[in-house]
Amino acid sequence: MTAHRRFRNVTRIGPVQVGTAYDHRGREKHTTACTAPRCNFSADYDSRAAAELAARTHRCLVR
Ligand SMILES: [Zn+2]
66 MTAHRRFRNV TRIGPVQVGT AYDHRGREKH TTACTAPRCN FSADYDSRAA AELAARTHRC
126 LVR
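Everything in the sequence shown is counted per the working numbering, starting at 66 for the first residue and increasing by one.
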């Protein structure tokens, strides 16, 4: 997760955090980021639903 972005509506689904932020163009981005130490899963989505679905279906490498 990029540190300089400000996330709001941060929720956690399993080990994955989902947050909403504005990108540099002022558009909403929905980002998922796994908090497990050695898992580098993170991705941006155009909709919150897509981000939450990705978080729910994430199969973490670290258990
Ligand atoms: Zn993970």
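Just so you know, even glycine gets a beta-carbon here, dropped at the ideal spot from N, CA and C.
Please read these numbers as outputs of a predicted model, since none were measured by experiment.
Between residue i and residue j, which are expected to be in contact by the criterion C-beta below 8 Å, what is the C-beta distance as a whole number of angstroms?
i	j	result
THR85	PHE72	7 Å
THR97	ALA108	6 Å
HIS123	VAL81	5 Å
CYS104	LEU118	With a Cβ gap of about 18 Å, CYS104 and LEU118 do not count as contacting.
Could you name the residues that DSSP lists as bridge partners for residue i?
i	result
THR76	VAL83
Find out if the Cβ-Cβ distance for the pair residue i, residue j is shorter than 7 Å.
i	j	result
ALA116	HIS95	yes
7 Å is my cut-off, CB to CB: does residue i come that close to chain C?
i	result
ALA101	The structure shown contains no chain C, having only a single protein chain.
Taking the runs of the beta strand (DSSP E) that are 3 residues or longer, which of them lie wholly in the stretch 85 to 118? Secondary structure in the stretch 85 to 118: the beta strand (DSSP E) runs of 3 residues or longer, each lying completely within the stretch, are 93 to 99, 107 to 110 in chain order.
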